[in-house]
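Chains as they are written, first to last, in the working numbering: chain X, 42 to 592; chain C, 42 to 592.
Number of protein chains: 2
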Amino acid sequence: MKLLKSLLPDWVRDYQLKHFSDDLLAGILVTILVLPQSLAYAILAGLPPQLGLYASILPVFVYAIIGSSMIQAVGPVAITAIMTFSLLSPLATPGSVHYVMMATALSLMSGLLVLVFGIFRLGFLSNLLSRPVVGGFISGSAVLILLNQIKFILDVHVIDTGNWGQIASIVQQFSLINPATLLLGGIGFLIFFMTRNFLTKWLETKGISNFRASMITRLTPLLVVIISTILTIQLDLDHQYDIKVVGNIPSELPYLSFHLPENSDLVLLFVPALVLAFIGAVQNITMAHALAIKRHERTDSNKELIGLGSSNIMTAFCGGMPVGGGLTRSAVNLASGAQTPLASIVSALTMLCILLIGVEWFSKIPLCILAASIMVAAISMIDLSGFWRAWNYDRADAFSFLVTGFGVLILNLQIGIILGILLSVANLLYRVSSPHIVVVGRIKGTEHFRNIERHHVETLPCSLFLRIDESLFYGNLSSVESKLMLEISKVPNINSVVLIMSAVNRIDATALEVLTEVLLALKTRGINLHFAEIKGPVQDRLLNTVLYKNL
Amino acid sequence: MKLLKSLLPDWVRDYQLKHFSDDLLAGILVTILVLPQSLAYAILAGLPPQLGLYASILPVFVYAIIGSSMIQAVGPVAITAIMTFSLLSPLATPGSVHYVMMATALSLMSGLLVLVFGIFRLGFLSNLLSRPVVGGFISGSAVLILLNQIKFILDVHVIDTGNWGQIASIVQQFSLINPATLLLGGIGFLIFFMTRNFLTKWLETKGISNFRASMITRLTPLLVVIISTILTIQLDLDHQYDIKVVGNIPSELPYLSFHLPENSDLVLLFVPALVLAFIGAVQNITMAHALAIKRHERTDSNKELIGLGSSNIMTAFCGGMPVGGGLTRSAVNLASGAQTPLASIVSALTMLCILLIGVEWFSKIPLCILAASIMVAAISMIDLSGFWRAWNYDRADAFSFLVTGFGVLILNLQIGIILGILLSVANLLYRVSSPHIVVVGRIKGTEHFRNIERHHVETLPCSLFLRIDESLFYGNLSSVESKLMLEISKVPNINSVVLIMSAVNRIDATALEVLTEVLLALKTRGINLHFAEIKGPVQDRLLNTVLYKNL
């Protein structure tokens with residue numbers, strides 16, 4: 042019994058009954074509110090719509106048990122859906138049996154990779170992606186979503202020949218646009234857009250409480266879907282005006298089956314799975330973190346990865362699509378007052394009931410309405426303000442954003458993200474390679490030493506005080522050395538040089554050797570080199586070195 | 042006239058006549074002392090021996106005019122020779138006409154690349170190589186040289202099938218070893234080895250001055266070559282005992298010709314040329330730097346690259362071999378008292394005279410003696426002490442050394458160096474990703490704040506002082522944030538947190554966003570976040586940010 046208890050997640054053991062009603066309500070609300078999205082994301086991923094529902098059961102359940110976040114809800118999300126489509130559509134025809142099997146294999150492989158990241162505590166690898174790179178990636182992907190979904194609003198058949206081919210294809214078929222679809226989709230788009238961006242604030246100005254206003258805002262899109270569906274059924278829009286609808290969804294449970302991916306697929310899918318795993322991991326960790334800060338909780342990145350990985354592996358068993366931590370899902374969860382992952386378990390059970398009771402009326406949901414809802418979500422994913430902040434603060438970061446975004450759009454997802462990572466690393470290397478080094482003097486009457494160009498300070502004759510504002514390593518040693526020699530040559534009759542090491546956090550082997558050479562060379566010229574304010578950990582390492590012995 | 046004068050290098054305009062005799066003597070000495078080496082390195086590179094002599098004329102002249110170092114002497118060196126052999130032998134049969142043409146093309150291309158590095162001021166790129174990586178690369182190359190030269194001492198015909206194939210081939214032919222060659226080569230090896238490692242010190246213990254002792258040490262190898270050549274001629278060793286000799290060298294000047302490399306060769310040679318350019322540049326800059334420090338001079342990395350590049354381009358015009366900054370050459374130059382690059386010009390002219398007067402007797406130099414001299418030089422290139430220093434100071438650096446060295450040996454030069462660079466960058470990223478963060482307190486009665494675990498300090502209730510010993514960037518923000526939250530959770534009734542930023546040299550866009558989020562999140566919990574000792578350049582950038590406005 043004790044063993045059984047220790048196997049249970051912390052939140053189950055410490056569960057407080059007072060949270061039960063909150064969790065119950067939140068779980069039911071999340072399922073109902075995100076149901077249209079789940080269908081839409083499956084369609085976006087190029088998969089049969091029911092897979093979006095299947096992916097909202099078992100994976101959600103597994104994540105609730107294993108994940109580290111109390112509030113985050115996983116499920117089909119925009120970014121994993123567009124990634125699935127972009128990564129797989131060059132390899133198989135969307136909607137085909139082979140495509141569905143590949144999506145399953147992709148879930149499984151990326152899930153396994155994420156699980157391995159978590160087990161080997163490689164969560165820190167997600168630090169390879171800077172925010173501008175992630176922002177550029179998500180913005181680029183959002184434009185891909187828009188390009189992908191516009192066809193449903195216009196009701197034209199797009200021949201998929203890359204992103205620019207799609208645009209050309211749409212322009213060519215301009216005369217074939219279905220005005221009824223455009224009207225319905227357009228109205229839907231406007232309502233979704235206004236609701237998402239202005240409704241809450243407008244309601245608040247009318248004196249409605251923030252909680253109510255945000256619940257109304259979240260319910261409105263569902264109402265639009267329901268009303269448009271009722272209209273379609275009542276007015277027979279799908280036959281009278283040729284408005285495309287979701288179509289029949291089998292009212293059955295996902296068959297728990299599992300096909301081992303073929304070897305050839307494994308090879309083809311390795312890089313896509315890695316990209317999906319990487320981006321999924323970063324997004325999940327970032328969001329879990331942000332939610333935890335809001336609730337004064339802490340998350341464990343590696344546990345988070347194990348949860349996300351297991352969840353995706355489970356998806357593969359019910360023929361589903363890759364899942365991720367969903368912004369909307371988690372926000373609904375938080376806003377509905379969910380307290381523990383029990384809300385997610387309730388949500389999974391609710392979806393199970395919906396599938397059992399029947400999903401026939403889903404078949405009449407107009408595709409243009411779903412597309413409109415996705416497009417509004419996609420527009421909000423384009424992180425222009427993030428780009429502007431980066432632009433104003435650090436041009437190199439803004440450049441990484443642009444390169445990643447356009448890389449995703451013009452080339453492909455993999456190349457975009459790789460370009461972004463390479464740029465960030467190159468930028469980092471370049472920065473640490475050109476360190477800030479200043480000559481300092483003492484502020485009169487204090488023990489403080491400051492930059493002689495910024496402050497009024499006193500200096501000593503025949504001596505030089507230099508503060509090095511960077512860790513010393515192979516990449517910047519030569520420029521540090523040049524600067525040191527330059528400053529030495531400026532001081533007449535110099536006999537001592539003091540290097541102030543308060544900002545030197547590390548000295549690597551190359552730096553140690555060069556410093557030793559400089560020390561010995563200066564000694565032969567009658568100049569003594571001294572070190573001041575060396576940090577504890579740096580000093581510890583220097584104790585047994587030639588440098589230390591020659592000081 | 043003024044224009045002409047301004048085109049002259051600085052050292053020519055400022056030339057002091059008193060240096061003339063020093064430069065003259067040094068120039069002549071260098072040529073004579075390194076002559077056997079020049080032949081040997083050409084053979085090591087798989088080229089006809091006279092190319093080593095040709096490469097000691099025009100390239101040396103060009104470098105003297107264009108290079109930035111006053112003392113460094115370029116010419117055929119061990120590392121470029123073995124690199125030429127390793128890079129080209131998979132592409133053409135060593136010694137063949139095509140091979141010689143490829144070597145010329147390789148010189149030209151690597152020269153152009155180095156020149157471009159210099160013109161575009163990319164000298165800083167050489168900072169990508171840490172000393173342990175360079176050490177590992179050179180040590181690995183040295184072992185390649187030993188494997189390559191052993192055949193001349195044993196006088197066996199080695200079928201070149203990779204490094205391990207060579208060893209197997211030598212072992213198989215153990216019974217075919219020529220005892221006469223082994224004896225002569227072995228004696229030569231012993232004398233060279235003892236001379237190089239012990240002679241100077243031994244002579245000094247006998248009361249001979251350091252200058253004389255080192256000149257005797259440098260002359261001895263030349264004497265060994267001369268004596269062994271005379272012995273070979275007198276005793277007819279090459280016919281009586283089948284001792285291989287250098288063979289006929291055409292006593293003519295290098296024909297100034299130039300063949301544009303074929304397109305197919307250009308493609309094949311691009312990566313090898315890049316590797317050669319990269320390593321050549323690093324070695325040259327490092328050595329020019331070290332020599333300049335000894336002489337209280339300064340060098341300009343980019344000018345240095347322009348000199349080295351032009352020098353290699355010139356090599357290509359006289360059908361020569363790639364050249365580099367030579368340790369032995371430069372050391373002889375320095376020891377002989379050279380004061381300016383005039384010494385190198387004298388050296389080039391001396392070599393020209395030798396070629397004109399006649400090189401017939403070079404044909405009888407025993408190959409085993411040249412091989413022995415190269416092997417002794419190669420042994421001294423194996424940087425075991427550098428490895429030990431790295432091992433004792435920083436295991437990760439030692440690991441980079443090993444991986445690069447074994448990569449060069451087991452795989453090839455290109456892969457070895459790439460592995461080394463990747464490891465160094467990964468190591469750097471890993472280090473900055475896991476920053477040192479300490480809780481500090483004030484040393485009583487002072488303004489100094491120190492680690493509470495290392496010093497006896499006083500702290501305030503309800504507050505936390507944290508010193509972050511690393512620049513904040515996308516790679517370490519999450520660990521900084523975790524550590525911050527952990528420490529906050531340890532202080533009861535906490536209401537203020539002070540981050541001491543004295544060691545934070547940079548805050549990138551990702552870090553800025555996370556800090557802003559943390560600041561706002563803490564504010565809602567009634568905790569104020571403060572920053573202290575922000576560096577000038579960091580503060581300048583923060584002024585217009587959301588973070589600053591919310592402080």
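Backbone N, C-alpha and C define an ideal beta-carbon position, used for all residues, glycine too.
Other residues of its chain near residue i: CB distance less than 6 Å, five sequence neighbours each side excluded
| i | result |
| --- | --- |
| Pro441 (chain X) | Correcting the residue type first, residue 441 (chain X) is Ser in the shown sequence and not Pro. Excluding residues within five positions, the ones whose Cβ falls inside 6 Å are Pro173, Val174, Gly461, Leu464 and Ser465. |
| Asn468 (chain X) | Ala437 |
| Ser504 (chain C) | Ser537 |
| Ala418 (chain X) | Ala119 |
Beta-carbon proximity of residue i to residue j, cut-off 9 Å
| i | j | result |
| --- | --- | --- |
| Asp581 (chain C) | Gly176 (chain C) | no |
| Arg547 (chain X) | Phe514 (chain X) | yes |
| Phe158 (chain X) | Asn343 (chain X) | yes |
| Glu494 (chain C) | Ala331 (chain X) | no |
| Thr236 (chain X) | Thr270 (chain X) | no |
| Ser474 (chain C) | Ser512 (chain C) | no |
Beta-carbon contacts of residue i that lie in its chain and below 8 Å, excluding the five residues immediately before and after
| i | result |
| --- | --- |
| Ile211 (chain C) | Ile191, Lys192, Leu195, Val197 and Val199 |
| Val266 (chain C) | Pro77, Ile406, Ile410, Leu411 and Ser414 |
| Phe311 (chain X) | Met150 |
| Ile568 (chain X) | Ile529, Ile535, Asn536, Ser537 and Val538 |
Chain X contact residues for residue i, given Cβ-Cβ distances below 9 Å
| i | result |
| --- | --- |
| Arg430 (chain C) | Ala550, Leu553, Glu554, Thr586 and Val587 |
| Ser519 (chain C) | Gly164, Phe165, Ser167, Asn168, Ile326, Thr327, His330 and Ser342 |
| Arg582 (chain C) | Tyr434 and Asp435 |
Neighbouring residues, chain X, relative to residue i (Cβ below 8 Å)
| i | result |
| --- | --- |
| Asp55 (chain C) | Chain X residues near Asp55 (chain C): none, gap ~17 Å exceeds 8 Å. |
| Leu349 (chain C) | Here the premise fails: no neighbours, minimum Cβ distance about 16 Å. |
| Arg495 (chain C) | Gly577 |
Interface residues of chain C facing residue i [CB-CB closer than 7 Å]
| i | result |
| --- | --- |
| Val594 (chain X) | Outside the shown range of chain X, which is 42 to 592, sits residue 594 (chain X), and nothing can be said about it. |
| Phe319 (chain X) | Those within 7 Å of Phe319 (chain X) in chain C number zero; the least Cβ separation is about 14 Å. |
| Leu315 (chain X) | Within chain C, no residue comes near Leu315 (chain X); the closest Cβ sits about 17 Å away, beyond 7 Å. |
| Arg172 (chain X) | Tyr515, Ala550, Thr551 and Glu554 |
Three-state secondary structure (DSSP) of residue i
| i | result |
| --- | --- |
| Leu505 (chain X) | strand |
| Leu540 (chain C) | strand |
| Asp64 (chain C) | helix |
| Glu499 (chain C) | strand |
| His280 (chain C) | helix |
| Val466 (chain X) | helix |
| Phe514 (chain X) | coil |
| Gly486 (chain X) | coil |
| Ile170 (chain C) | Just to set this straight, residue 170 (chain C) is Leu in the shown sequence, not Ile. Coil at Leu170 (chain C), not helix or strand. |
| Ala573 (chain C) | strand |
| Val481 (chain C) | strand |
| Arg253 (chain X) | helix |
| Gly366 (chain C) | strand |
| Asn433 (chain C) | helix |
Presumed contact (8 Å Cβ cut-off) between residue i and residue j, rounded CB distance
| i | j | result |
| --- | --- | --- |
| Asp63 (chain C) | Ala379 (chain C) | 6 Å |
| Lys576 (chain C) | Asp55 (chain X) | That belief does not hold up - the Cβ atoms of Lys576 (chain C) and Asp55 (chain X) are roughly 45 Å apart, past 8 Å. |
| Ala67 (chain C) | Ser404 (chain C) | That pair is no contact at about 28 Å. |
| Tyr434 (chain X) | Ala550 (chain C) | 5 Å |
| Leu94 (chain C) | Ser79 (chain C) | 6 Å |
| Ile478 (chain C) | Lys531 (chain C) | At roughly 13 Å, the Cβ-Cβ gap does not stay under 8 Å, so Ile478 (chain C) and Lys531 (chain C) are not in contact. |
| Ala114 (chain X) | Val71 (chain X) | 6 Å |
Residue i: contacting residues in chain C (beta-carbon distance under 8 Å)
| i | result |
| --- | --- |
| Arg162 (chain X) | Near Arg162 (chain X) there are no residues of chain C at all, since even the closest Cβ is about 12 Å away, more than 8 Å. |
| Val466 (chain X) | Val466 and Leu470 |
Listed by chain order, chain X residues near residue i by CB distance under 7 Å
| i | result |
| --- | --- |
| Asp510 (chain C) | Asn546 and Lys576 |
| Glu488 (chain C) | Glu488 |
Own chain partners of residue i with C-beta closer than 7 Å, once the 5 adjacent residues on each side are dropped
| i | result |
| --- | --- |
| Leu309 (chain X) | Leu132 |
| Leu518 (chain C) | Thr551, Ala552 and Val555 |
| Leu217 (chain X) | Val197 |
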